[in-house]
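Engineer: Protein sequence lines correspond, in order, to chains A and B.
Letter 34 of the first sequence, counting from 1, is numbered 1006 in our numbering, and no numbers are missing.
Letter 125 of the second sequence, counting from 1, is numbered 1097 in our numbering, and no numbers are missing.
Even glycine gets a Cβ: it sits at the ideal position worked out from N, Cα and C.
I have a structure here, written as structure tokens, and I will follow up with some questions on it.
Number of protein chains: 2
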Amino acid sequence: MTAPATTSTTAPASLGGVAILGPEQTALLKELDGVFSGWAVSDGAREVIAPPLYPVSDLEKFDVYKNFPHLALTASPIDVAHLGDGPVASRFASGQLQGARYGLPHAACYGAYLFHEGSRLDADVLVTLVNRCFRNETHYDGLRRLMSFQMREAVAIGAFDHTQQTLERFAERIAAFSDALGLGLEKVPATDPFFENTGARALLAKLSPVKYEFQYGDLAIASVNTHRNFFGERCRITLPGSDETAFTSCAAFGLERWVAVLDEQYGGDLGKALDAVRGTARQIG
Amino acid sequence: MTAPATTSTTAPASLGGVAILGPEQTALLKELDGVFSGWAVSDGAREVIAPPLYPVSDLEKFDVYKNFPHLALTASPIDVAHLGDGPVASRFASGQLQGARYGLPHAACYGAYLFHEGSRLDADVLVTLVNRCFRNETHYDGLRRLMSFQMREAVAIGAFDHTQQTLERFAERIAAFSDALGLGLEKVPATDPFFENTGARALLAKLSPVKYEFQYGDLAIASVNTHRNFFGERCRITLPGSDETAFTSCAAFGLERWVAVLDEQYGGDLGKALDAVRGTARQIG
């Protein structure tokens, strides 16, 4: 028994947006995920596992269908009575589908808020999770822009200072990691399309950025996000001994993008990239 | 910072089929996944990562829409022009959806076959992967029956003997693991609804079982599956130095079901279950 015939990405020939990661890409992705989740765990985070789909009623809480319905994907069963001979040209028409009560999430952190839904915290909380995220894009591009990708997140829930200090620590680590690997990531304020649109929150975001992205060229591969009390309010999470709404923040990592970036940085030598990640990670707590 | 307020499963209140696993459940699931994937790696398997959705054209290769369309879920974007005021009672009608070119897989191993699609093997292959699987069921039941769950698989591709020897090793390990944990799993021949229906394959399956399930009571939590040359044929994978179609087999583990079973076996004490898994796993190679 030996390794599979190829270690490169194999994507289905006809449509973009999906990729199967070969053994070297997989080893690198897992190592990176271990580094990022390790930072959270060393801060006292506990890991949870969230599902890759949620009832539409849950996702509605976060205004996802109001703000960016064009990016959303739903999980729709087939309407067997109207299936006919099956998909035509490998596509199900909407009339062959039942409609959808479940949606596919475009961020991983929803699971952290829903896990605490309706609860009063005992203390400041730090949670980490990795989940599959889904976005209906107008175009796809290898591992840089996928329809479904893995996002690792560290999520802080509690006092506002807790949420900000968490982000500061993560921003420092990302910068140090970038330096050690020679990535030259640039920290850039950005807007968060997933819970701001026109209105008070968007204005506030311009005055006081709530989102910073870490970019490799024009590709955002990580971000630190302040939500103020948006998710606390929508999930009815309150502070210890109080009816006051909890604050939240998250640090997020697009794992396949990190693989793509390291692939480029190390000239396609993923073994070398893996060694570099292992070597530098030890230096960064 | 402390642990989240609750360590138990939190499922959204209104609809079943999904669950967020708390820290103790997560630790146990990860430990189990480590045991099962470790068995594969010790046999020389390499790990790949497959997407949680595929073009319909890929899934059609495996007859999933012919055999069991009622179990399938598709990934459908929203038809923004026909969205109106949004979902009604948290449901998108089919007319609010665009139709679907991508489907959500109900097994993890498809990624292993697609990864080798159109290739001639250099040697017998062993691949391992874990993926989110999706099934549209008529009813759901906690962690025992979910709409989306994680399946860990070890997949053998190559000579028929290779596929059978792989399954024998896994069946022995599962039996030993069951004994060590006191689970009393029963190995039962079963039919595989996902690639047999009426016809030659189904008849052959009755004469010579292609699937054995390991059951805790009536709950199948693992299986060993012989596919003969079905997937090799559909993905055009050939044997070394030959145009002969490769054979495949897989050992599959439903990770949340293992958590549910251990929860029951250890009387709700997941810490004890975790210790037991760690202790026994060392005895089993």
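Take threonine 1110 of chain A as the anchor and find which of A/Ser1214, A/Ala1044, A/Tyr1026, A/Val1182 has the nearest alpha-carbon.
Structural biologist: On the first sequence, position 138 is the one that residue 1110 of chain A refers to. Closest option to threonine 1110 of chain A, Cα to Cα, is A/Ala1044.
Engineer: Under three-state DSSP, which class holds serine 1062 of chain A?
Structural biologist: Translated into the one-based positions of the first sequence, residue 1062 of chain A becomes position 90. The answer is coil: DSSP assigns serine 1062 of chain A none of H, G, I, E or B.
Engineer: For the alpha helix (DSSP H) containing tyrosine 1082 of chain A, name the first residue and the last one.
Structural biologist: The residue given as residue 1082 of chain A occupies position 110 in the first sequence. Tyrosine 1082 of chain A -> alpha helix (DSSP H) spans 1082-1087.
Engineer: Excluding the five sequence neighbours on either side, which residues of its own chain have a C-beta within less than 6 Å of the C-beta of lysine 1244 of chain B, listed in chain order?
Structural biologist: Numbered from its first residue, the second sequence carries residue 1244 of chain B at position 272. Taken in chain order, the residues that qualify are Tyr1238.
Engineer: Measure from the C-beta of aspartate 1215 of chain B to each C-beta in chain A and report whether the shortest distance is under 8 Å.
Structural biologist: Locating residue 1215 of chain B in the second sequence gives position 243, counting from the first residue. Answer no: the Cβ-Cβ gap between aspartate 1215 of chain B and chain A never drops below 8 Å.
Engineer: Going straight from the alpha carbon of glycine 994 of chain A to that of arginine 1073 of chain A, what length do you get?
Structural biologist: Within the first sequence, residue 994 of chain A is the residue found at index 22, counting from 1. Within the first sequence, residue 1073 of chain A is the residue found at index 101, counting from 1. Each residue's alpha carbon lies about 34 Å from the other.
Engineer: Flag glycine 1204 of chain A as yes if its beta-carbon sits less than 8 Å from any beta-carbon of chain B, otherwise no.
Structural biologist: The sequence position of residue 1204 of chain A within the first sequence is 232, counting from 1. Taking Cβ atoms only, chain B never reaches closer than 8 Å to glycine 1204 of chain A, which makes this a no.
Engineer: Within the continuous alpha helix (DSSP H) that includes glycine 1251 of chain A, where are the two ends?
Structural biologist: For the purposes of this step, residue 1251 of chain A is taken as the residue at position 279 of the first sequence. First-last of the alpha helix (DSSP H) with glycine 1251 of chain A: 1242-1253.
Engineer: Is DSSP giving lysine 1002 of chain B helix, strand or coil here?
Structural biologist: Walking along the second sequence from the start, residue 1002 of chain B turns up at place 30. In the structure shown, lysine 1002 of chain B sits in a helix (DSSP, three-state: H, G or I).
Engineer: Just the chain A side, please: which residues come within less than 7 Å of leucine 1004 of chain B by C-beta, in chain order?
Structural biologist: Within the second sequence, the letter at position 32 stands for residue 1004 of chain B. Going along chain A, no residue has its Cβ under 7 Å from leucine 1004 of chain B, so there is no contact; the nearest lies around 12 Å.
Engineer: Which of the residues in the stretch 1023-1041 of chain B, read from start to end, lie with their CB under 8 Å from any CB of chain A?
Structural biologist: For the stretch 1023-1041 of chain B, which is checked against every Cβ of chain A, the residues closer than 8 Å are Pro1023, Pro1024, Leu1025, Tyr1026, Pro1027, Val1028, Ser1029, Asp1030, Glu1032, Tyr1037, Lys1038, Pro1041.
Engineer: Let me know the secondary structure DSSP gives glycine 1239 of chain B once reduced to three states.
Structural biologist: Taking the second sequence and counting its residues from 1, the one referred to as residue 1239 of chain B is at position 267. Reduced to three states, the DSSP call for glycine 1239 of chain B is coil.
Engineer: Take the Cβ of proline 1161 of chain B as the centre, count every other Cβ of all protein chains shown within 10 Å, and call the residue buried at 16 or more, exposed below.
Structural biologist: Against the second sequence, residue 1161 of chain B aligns to sequence position 189. Proline 1161 of chain B should be labelled exposed.
Engineer: Using a cut-off of 9 Å between C-beta atoms, extract the partners of alanine 1047 of chain A located in chain B.
Structural biologist: To locate residue 1047 of chain A, count along the first sequence from 1; it is residue 75. Within 9 Å Cβ-Cβ: Leu1045, Thr1046, Ala1047, Ser1048, Leu1076, Phe1106, Asn1108, Met1119, Ser1120.
Engineer: Hey, histidine 1088 of chain A and isoleucine 1209 of chain A are a contact pair by Cβ (cut 8 Å); roughly how many whole angstroms apart?
Structural biologist: Sequence index remark: in the first sequence, residue 1088 of chain A carries index 116 (1-based). Sequence index remark: in the first sequence, residue 1209 of chain A carries index 237 (1-based). Confirmed, Cβ separation roughly 5 Å.
Engineer: From the DSSP output, in three-state form, read off glycine 1257 of chain B for me.
Structural biologist: Translated into positions along the second sequence, residue 1257 of chain B becomes position 285. Looking at glycine 1257 of chain B - three-state DSSP - the assignment turns out to be coil, as it is neither helix nor strand.
Engineer: With a Cβ-Cβ cutoff of 8 Å, do alanine 1224 of chain A and glutamate 1125 of chain A count as a contact?
Structural biologist: Locating residue 1224 of chain A in the first sequence gives position 252, where the first residue counts as 1. Locating residue 1125 of chain A in the first sequence gives position 153, where the first residue counts as 1. Yes, they are a contact pair.
Engineer: Starting from the beta carbon of serine 1009 of chain B, find every residue of chain A whose beta carbon is closer than 7 Å, and list them in chain order.
Structural biologist: Reading the second sequence from its first residue, position 37 is the one you call residue 1009 of chain B. Going along chain A, no residue has its Cβ under 7 Å from serine 1009 of chain B, so there is no contact; the nearest lies around 11 Å.
Engineer: Show which residues of chain A have a CB atom less than 9 Å away from the CB atom of threonine 998 of chain B.
Structural biologist: Position 26 of the second sequence, counted from the first residue, corresponds to residue 998 of chain B. Chain A residues near threonine 998 of chain B: Arg1018, Glu1019, Val1020, Ile1021, Leu1101.
Engineer: Taking the alpha helix (DSSP H) that valine 1097 of chain A belongs to, which residues open and close that run?
Structural biologist: In the first sequence, the residue the question calls residue 1097 of chain A occupies position 125. Here valine 1097 of chain A belongs to no alpha helix (DSSP H); instead the beta strand (DSSP E) covers 1097-1106.
Engineer: Give the residues of chain A in contact with glycine 1083 of chain B, contact being defined as C-beta atoms less than 7 Å apart.
Structural biologist: Taking the first residue of the second sequence as 1, we reach residue 1083 of chain B at position 111. Here the neighbours are Ile992.
Engineer: Tell me which same chain residues have a C-beta within less than 6 Å of the C-beta of serine 1120 of chain B, skipping the five on either side of it?
Structural biologist: What you label residue 1120 of chain B is simply residue 148 of the second sequence in a count that begins at 1. Answer for serine 1120 of chain B: Arg1104, Phe1106, listed in chain order.
Engineer: Helix, strand or coil for glycine 1226 of chain B? Go by DSSP, reduced to three states.
Structural biologist: Here residue 1226 of chain B refers to the residue found at position 254 of the second sequence. Correct three-state label for glycine 1226 of chain B: strand.
Engineer: I'd like to know if proline 1161 of chain B contacts chain A, where contact means its C-beta is closer than 8 Å to some C-beta of that chain.
Structural biologist: Against the second sequence, residue 1161 of chain B aligns to sequence position 189. Output row for proline 1161 of chain B: interface = no.
Engineer: Return the Cβ separation of alanine 1152 of chain B and threonine 1252 of chain B in integer angstroms, given the expectation that the two are a contact with Cβ distance under 8 Å.
Structural biologist: Against the second sequence, residue 1152 of chain B aligns to sequence position 180. Against the second sequence, residue 1252 of chain B aligns to sequence position 280. The Cβ separation is near 4 Å, so the contact holds.
Engineer: Could you tell me whether the Cβ of alanine 975 of chain B comes closer than 8 Å to any Cβ of chain A?
Structural biologist: For the purposes of this step, residue 975 of chain B is taken as the residue at position 3 of the second sequence. With a pLDDT of only 36 at alanine 975 of chain B, under the threshold of 50, the placement of this residue in the model should not be trusted; the figure read from the coordinates follows. Answer yes: the Cβ-Cβ gap between alanine 975 of chain B and chain A drops below 8 Å somewhere.
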